[in-house]
Each structure stands twice: as structure tokens, then as C-alpha cells.
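S.K.: Those protein sequence lines, which keep their order, are chains L and Y.
Sequential numbering of the first sequence, starting at 9, is according to this note's numbering.
Sequential numbering of the second sequence, starting at 78, is according to this note's numbering.
Ideal placement from N, C-alpha and C gives every residue a C-beta, glycine not left out.
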Amino acid sequence: MKFNTAPPSVLHIDINSCFATVEQQANPFLRGKPLVVAAYESANGCVLAASIEAKQFGVKTGMRVRDAKQLCPRVLVMSTDPWKYRNIHLLFRKLLGRYSPHVSPKSIDEFVVHLDQVLHIYDNDPLLVARKIKNEIEATIGDWIQVSIGIGPNRYLAKTAAGLIKPNGLEVLDTTTYEEVYRHLPLTKLTGIKDANAARLRSVGIRTVWDFYEAPLWKLKAAFHSVTSYYWYMRLRGYEIDDVEYARRSYGNSYSLPRPLETRESVSPIISKLVTKTSGRLRKAGLIAQGVHLALQYKEGGYWHQGHKCAKHLFSTQDIYEEVMRLYDGAPHAPLRHIAISVFELHKENDLQLDMFTNTLEKVHLMKAVDSIHKRWGDYVVYPARMIDTERFIPDRIAFGGVKELEEISI
Amino acid sequence: MVYKRYMQTQTINEDVSVSLVFNHHTRVVAPMKVSWRGRVYTVKKVGLHHKFREGRTLIHIFSVITDSSFLRLAFNSETLNWKLEQIIENQA
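1) Could you tell me which residues DSSP puts in a beta bridge with residue 118 of chain Y?
2) Quick check: is the beta carbon of residue 115 of chain Y nearer than 8 Å to any beta carbon in chain L?
3) If the criterion is Cβ atoms closer than 8 Å, does the pair residue 90 of chain L and residue 404 of chain L meet it?
4) At a Cβ threshold of 8 Å, is residue 91 of chain L touching chain Y?
5) Decide if the stretch 275-286 of chain L is in contact with the stretch 235-245 of chain L; the criterion is three or more beta carbon pairs, one per stretch, under 8 Å apart.
6) Determine the closest residue to residue 265 of chain L out of L/48, L/378 and L/183, with distance taken between C-alpha atoms.
7) Counting only the same chain and skipping the five closest in sequence on each side, list residues whose C-beta sits under 6 Å from that of residue 79 of chain Y.
8) Under 8 Å, with one C-beta from each stretch per pair, do the stretch 20-39 of chain L and the stretch 109-122 of chain L reach the 3-pair mark?
9) Within the 8 Å Cβ cut-off, does residue 33 of chain L reach chain Y?
10) Listed in chain order, which residues of the stretch 121-145 of chain Y have Cβ atoms closer than 7 Å to some Cβ of chain L?
11) Since residue 168 of chain L is in the alpha helix (DSSP H), which residue starts that stretch and which ends it?
12) Looking at the C-beta of residue 60 of chain L, does it have a partner C-beta in chain Y at a distance below 8 Å?
13) Measure the C-alpha to C-alpha separation of residue 156 of chain L and residue 176 of chain L and round it to an integer number of angstroms.
14) Using a Cβ cut-off of 9 Å, which residues of the stretch 122-156 of chain L contact any Cβ in chain Y, in chain order?
15) Buried or exposed for residue 132 of chain L, going by 16 or more other Cβ atoms inside 10 Å?
16) Please report the distance separating the alpha-carbon of residue 131 of chain Y from that of residue 383 of chain L.
17) Spatial neighbours of residue 81 of chain Y within its chain, please: C-beta separation below 6 Å, excluding the five flanking residues on both sides.
18) Can you pull the chain Y residues whose beta carbon is under 7 Å from the beta carbon of residue 383 of chain L, in chain order?
19) Determine whether the beta carbon atoms of residue 137 of chain L and residue 107 of chain L lie at a separation below 8 Å.
20) Give the interface partners of residue 147 of chain Y over in chain L, defined as CB-CB distance under 7 Å, in chain order.
21) Return the CA-CA distance between residue 88 of chain L and residue 162 of chain Y, expressed in angstroms with no decimal places.
22) Could one say the Cβ of residue 78 of chain Y lies closer than 8 Å to chain L's Cβ atoms, at least one of them?
23) Beta-carbon within less than 6 Å of residue 145 of chain Y's beta-carbon, same chain only, minus the 5 sequence neighbours each way: which residues are those?
24) If you measure between the beta carbons of residue 396 of chain L and residue 263 of chain L, is that distance less than 8 Å?
25) From residue 147 of chain Y to residue 90 of chain Y, what distance separates their C-alpha atoms?
26) In angstroms with no decimal places, state the Cα-to-Cα distance between residue 223 of chain L and residue 15 of chain L.
27) Any chance the stretch 345-354 of chain L sits against the stretch 293-304 of chain L, with 3 or more Cβ pairs inside 8 Å?
28) What do you get for residue 36 of chain L, buried or exposed, if any count of 16 or more other CB atoms within 10 angstroms of its CB means buried?
29) Tell me whether the beta-carbon of residue 43 of chain L lies closer than 8 Å to the beta-carbon of residue 62 of chain L.
30) Can you tell me whether DSSP reads residue 306 of chain L as helix, strand or coil?
31) Between the stretch 200-207 of chain L and the stretch 177-188 of chain L, do at least 3 Cβ pairs fall closer than 8 Å?
32) Show which residues of chain A have a CB atom less than 8 Å away from the CB atom of residue 419 of chain L.
33) Can you find the residues in the same chain that come closer than 6 Å, C-beta to C-beta, to residue 124 of chain Y, ignoring five residues on each side of it along the sequence?
34) Please state if the CB of residue 26 of chain L and the CB of residue 57 of chain L are separated by a distance shorter than 8 Å.
35) Below 8 Å between beta carbons: does that hold for residue 65 of chain L and residue 80 of chain L?
36) Using CA coordinates, which residue listed in L/417, L/286, L/221 and L/336 is at the minimum distance from residue 273 of chain L?
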């Protein structure tokens, strides 16, 4: 099968160094200076975004603050300000929605715009649209905010094109340019091809992106042993295979502990706060759940997780907390590093079953009253007594890569 | 190892007086002068305006700079009060 000759009509827009750039947008004195936004400002904090200036010193996302300072002693370290980034995300959604009715956020800082139904308005020139978008971002969102835009015949190649030049790139990957790109791009620069997949491909003699493209389907099947081979075959030829929206199947919150905790007394307030967050989001979405899941990571490196389905429907903070603690009591007790809770098996709240032995409606009314207080006065105005003294734990955070969480953002 | 400090950050959270301009042509709202502890700061540039809710109350945050300082100003749309949340003296 040859490369797709249809006009490239998918734009992938990536905000360069998003959190760090937004901080520089807010405070012009920070512009041109190496800076990182980190989960915590302490030496062990994880770098969530490095400014373009910090990247020039080799500072990367995922590093510890300590390592960033080793590479660039002058680097400024800032903690996150989630609402700044959420506002920028919403401004992008609004701006891009003026160019096409089909805009899908892929993460807090990545967007896909489908132009196929509107390209004729722009003289069938996706580059014209991309340049207009770049100019409008500078004029209306922020003069320091830069984006890389990739244009391709499918989502995957548009994303690949967006990654070719950073910052401020604008590249087209289509039938006229793919050979040049494929011949020079290292295999592991492709999204989804890291060490394990690269090893699979090497095992059948594929060492470059061009080899990957040229390989017949049977050879890819020998490498991947699954339907994935077909997906790669189509992706690299510019046919759409990734335009799939998955329904939400769970709600959850997690927290990396600043110091390891071991006893039930020390862990239960944290779990209570996580449950309070999750149950509030579940009810806000008009849903109830029937399953709970708990995952624990230990200081010494071990991992434990378990979930169970309950006979009754769950929506109240207290009921979900009790189910999670039942799981916790069955887990090995050792110093913990990370706690994640979630609820699954979601149903609409109208499907709620009444219980013969407890007054379900009383709980419904209580939760509605609590939620309306939070809606009026803000989160954590009323909370379980065991949550006292948890103010410094579990701050507001941006969920990375969580497309579904983005749907919850509103002002 | 010596780390050079560019900035000195102060968290303030105090009420301040702010004069504001609304341009009906551009539909842009921008703080112009901030009066705090007897000193008047003239705003040179608004870096970012963003907003969020505390319960039903909409809070507007203006990140602005003067000749030598960065100010984070919060406007409470329910009480119509302004707070100076943070001031950073630029030392670069």
C-alpha cells in the first residue's frame, strides 16, 4: 500500500514547554531565564516542565530538581499553579474552535484540529490555517506562548510533524515530504517506539524509520505478534487509525507522599482526602459506582493493588472510604510512597438501587447538601473529621495525559 | 555550590487599592496603579489574566509588572475587593 495521497488536513498543536512558558508569560521578568516548574520545589521534586532556556542546559521533564540544578545552577524552581495552565488550555480550545468544529484536546498542552470539512474556506491550504492560528495565539493568548504545529494526513503523522522542530515549529508530513523525514528520523523518536518496541523491530531487521515504512505487513506481524502491526502499517502510510474516543470507565485520585507513612492512623487521613476528591467528582458527573480499587507503592520498591466489586451502589464519601479501607486492611503494611484510589463500574445516578436495610435516600440528601455547600463556598468547607490537618497534603494538581480529566475543566 | 538568586519572593495577602482601566474598543481590562503601604506602583505590563472559582465566587488574577517588581493581584468579583497576593522584586 502506498502513502496516503489525500491532502493533509489534521493539525497537531503542541504548546512548547507549557507550564514554564505560561509562568514566563505571567511574569515577563522570567523571560529568557532558565526555569523549571516542579511538583515540589525541594531537591527531590520532579521537574514537570523546563523552559526553553533550561532545556539548552540539558534539563528535561521527569528529572529531579537536584539534577536540574547540577546541570544549570542558575535555574529557577517554581511550584505549579494549575489554574493558570487550565485557563490557557480553555483559551486554546476557544481559539481553535473558531477554525474547526472538530477540535480534540489530547492533553493539557496538546490539541488536534481536523480541517477536512472546512479546508475549502482556507483555499485548501492547511499552512495558511496554521500560520493564522500562530498569529492569533500571539495576539490574544500571550506574546511569549509558542507552539509547534504539525500537519499530516492522520493524527499520528501530524503529531510526528509537530515534534520535528521545537520550539515554534511548523512542519508538514505528507506524500511530498514523508520520504525525506523517514530517512532521517531516528526510530526511537517515533511516539510509541521506545526501547522494547525498537528491540522487537530490530529482531526482524528493522533499524530505521524508513525500514519500518518499507517493511511488508508480514514482517511487522513477525515483530509485534498482534493487530498492532496492522495499526503501524496504516499509521506510517498516513491512514487514520487513532481517531478513537474511549468512554470514561473510572474516577480516581492519587498522591505521592512527601515522606513515607506506615501506620493506619497516619495513612487514613490521606485516603480520606483522596476519597473526598474522587467521590465529589463522581457525583458532580451525575454518576454512581459499584467497584473500588486501591494501589499502593512501597518505599522499598514493592507494589500492591486490589479492587473489588460491591453489592451496593457507591456514591457517598463515607461508603467509598469504608470500602477502600477494607482493601487497605488486607494490604501488606510497610512504609508507603504512593497511594492511588479509584472507583469503577460506573452507572448513571438515576440507576441507584434503594437498600432495604439502610436509608439510601437520607445519604443522597446528605451528599447533595454537602455538594451544594462546596459549590457555593468552595472545596473542603465541610469534610470528615479524620481529614483534619491534611491541608498540606494532596494539593490541586494537573493530571498528565488524562484526556478525560480535561472535560471536567470549567470556570 | 552557590546558586545565584534572581528574585526575592514575598507572599503578602493584604488588601490594596487598585485603579483599573477598561478599554471599550479592545474590551481589555487592566490594572494601572497599585497603592500598597503608602507606595504607588505603576503597572507597565499585564503578563497574564486568569480566573478560577472559589465556590461560586469568581476570582480574577492579574499577573503584572512594574519597573522593578512583579505583582500578583486578586480581584474578588463578589466583594469587589482587591488583594496583593505576592510581590517579587526583580534583581536580575
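M.R.: Looking at the coordinates:
1) Translated into positions along the second sequence, residue 118 of chain Y becomes position 41. Bridge partners of residue 118 of chain Y: Y/111.
2) As a working mapping, residue 115 of chain Y is identified with position 38 in the second sequence. So, not an interface residue.
3) Your numbering for residue 90 of chain L matches position 82 in the first sequence. Your numbering for residue 404 of chain L matches position 396 in the first sequence. Note that the C-beta distance between residue 90 of chain L and residue 404 of chain L is below 8 Å.
4) Your numbering for residue 91 of chain L matches position 83 in the first sequence. Among the residues facing chain Y, residue 91 of chain L is included, as its CB has a counterpart in that chain under 8 Å away.
5) Contact between the stretch 275-286 of chain L and the stretch 235-245 of chain L is absent, because fewer than three Cβ pairs lie under 8 Å.
6) Numbered from its first residue, the first sequence carries residue 265 of chain L at position 257. Looking at the Cα atoms, L/48 is the closest of the given residues.
7) On the second sequence, position 2 is the one that residue 79 of chain Y refers to. With a pLDDT of only 32 at residue 79 of chain Y, under the threshold of 50, the placement of this residue in the model should not be trusted, and no figure is reported.
8) Flag = yes, the stretch 20-39 of chain L and the stretch 109-122 of chain L touch.
9) The residue you call residue 33 of chain L lines up with position 25 of the first sequence. With 8 Å as the cut-off, residue 33 of chain L counts as an interface residue toward chain Y.
10) Against chain L - using a Cβ distance shorter than 7 Å - the residues of the stretch 121-145 of chain Y are 122, 124, 125, 127, 128, 129, 130, 131, 132, 133, 140 and 142.
11) The residue labelled residue 168 of chain L in the question sits at position 160 within the first sequence. DSSP places residue 168 of chain L inside the alpha helix (DSSP H), whose first and last residues are 163-170.
12) Locating residue 60 of chain L in the first sequence gives position 52, counting from the first residue. In terms of beta-carbon proximity, residue 60 of chain L stays away from the interface with chain Y, with every pair separated by 8 Å or more.
13) Taking the first sequence and counting its residues from 1, one reaches residue 156 of chain L at position 148. Taking the first sequence and counting its residues from 1, one reaches residue 176 of chain L at position 168. Rounded to whole angstroms, residue 156 of chain L to residue 176 of chain L spans 5 Å at the Cα level.
14) Correct list: 150 and 152.
15) Taking the first sequence and counting its residues from 1, one reaches residue 132 of chain L at position 124. Residue burial annotation: residue 132 of chain L is exposed, with fewer than 16 other C-beta atoms found within 10 angstroms of its C-beta.
16) Position 54 of the second sequence, counting from 1, holds the residue named residue 131 of chain Y. Position 375 of the first sequence, counting from 1, holds the residue named residue 383 of chain L. Going by C-alpha positions, residue 131 of chain Y is about 8 Å away from residue 383 of chain L.
17) Within the second sequence, the letter at position 4 stands for residue 81 of chain Y. Because the pLDDT of residue 81 of chain Y is 38, which lies under 50, any placement of that residue in the model is unreliable, and the question is left without a value.
18) On the first sequence, residue 383 of chain L is found 375 positions in, with the first residue counted as 1. Residues of chain Y passing the Cβ test: 132 and 133.
19) Here residue 137 of chain L corresponds to residue number 129 of the first sequence, with the count starting at 1. Here residue 107 of chain L corresponds to residue number 99 of the first sequence, with the count starting at 1. In this structure, residue 137 of chain L places its C-beta atom within 8 Å of the C-beta atom of residue 107 of chain L.
20) Walking along the second sequence from the start, residue 147 of chain Y turns up at place 70. Under the 7 Å cutoff, chain L gives 35 and 37.
21) Counted from its first residue, the first sequence places residue 88 of chain L at position 80. Counted from its first residue, the second sequence places residue 162 of chain Y at position 85. Near 16 Å, if we compare the C-alpha coordinates of residue 162 of chain Y and residue 88 of chain L.
22) Counting from one through the second sequence, the residue named residue 78 of chain Y turns up at place 1. At residue 78 of chain Y, the pLDDT of 28 sits below 50, so the modelled position is not reliable and the matter cannot be decided from this model.
23) The count along the second sequence starts at 1 and reaches residue 145 of chain Y at position 68. Excluding residues within five positions, the ones whose Cβ falls inside 6 Å are 167.
24) Start at 1 with the first residue of the first sequence, and residue 396 of chain L comes out as number 388. Start at 1 with the first residue of the first sequence, and residue 263 of chain L comes out as number 255. Not in contact: residue 396 of chain L and residue 263 of chain L (Cβ atoms no closer than 8 Å).
25) The residue labelled residue 147 of chain Y in the question sits at position 70 within the second sequence. The residue labelled residue 90 of chain Y in the question sits at position 13 within the second sequence. Distance between the alpha carbons of residue 147 of chain Y and residue 90 of chain Y: 14 Å.
26) Residue 223 of chain L sits at position 215 when you count from the first residue of the first sequence. Residue 15 of chain L sits at position 7 when you count from the first residue of the first sequence. Rounded to the nearest angstrom, the two C-alpha atoms are 24 Å apart.
27) Verdict: yes, contact present.
28) What you label residue 36 of chain L is simply residue 28 of the first sequence in a count that begins at 1. Looking at its Cβ environment, which holds 16 or more other Cβ atoms inside 10 Å, residue 36 of chain L is buried.
29) Against the first sequence, residue 43 of chain L aligns to sequence position 35. Against the first sequence, residue 62 of chain L aligns to sequence position 54. Yes, they are a contact pair.
30) Walking along the first sequence from the start, residue 306 of chain L turns up at place 298. Reduced to three states, the DSSP call for residue 306 of chain L is strand.
31) Touching, no, given that fewer than three Cβ pairs across the two stretches are closer than 8 Å.
32) In summary, chain A is missing from the structure at hand, where the protein chains are L and Y.
33) What you label residue 124 of chain Y is simply residue 47 of the second sequence in a count that begins at 1. So the qualifying residues of the chain are 140.
34) Counting from 1 along the first sequence, the entry for residue 57 of chain L is found at position 49. Counting from 1 along the first sequence, the entry for residue 26 of chain L is found at position 18. A Cβ-Cβ contact shorter than 8 Å links residue 57 of chain L with residue 26 of chain L.
35) To locate residue 65 of chain L, count along the first sequence from 1; it is residue 57. To locate residue 80 of chain L, count along the first sequence from 1; it is residue 72. Yes. Within cutoff.
36) In the first sequence, counting from the first residue as 1, residue 273 of chain L sits at position 265. Ranked by Cα distance from residue 273 of chain L, the options L/417, L/286, L/221 and L/336 are led by L/336.
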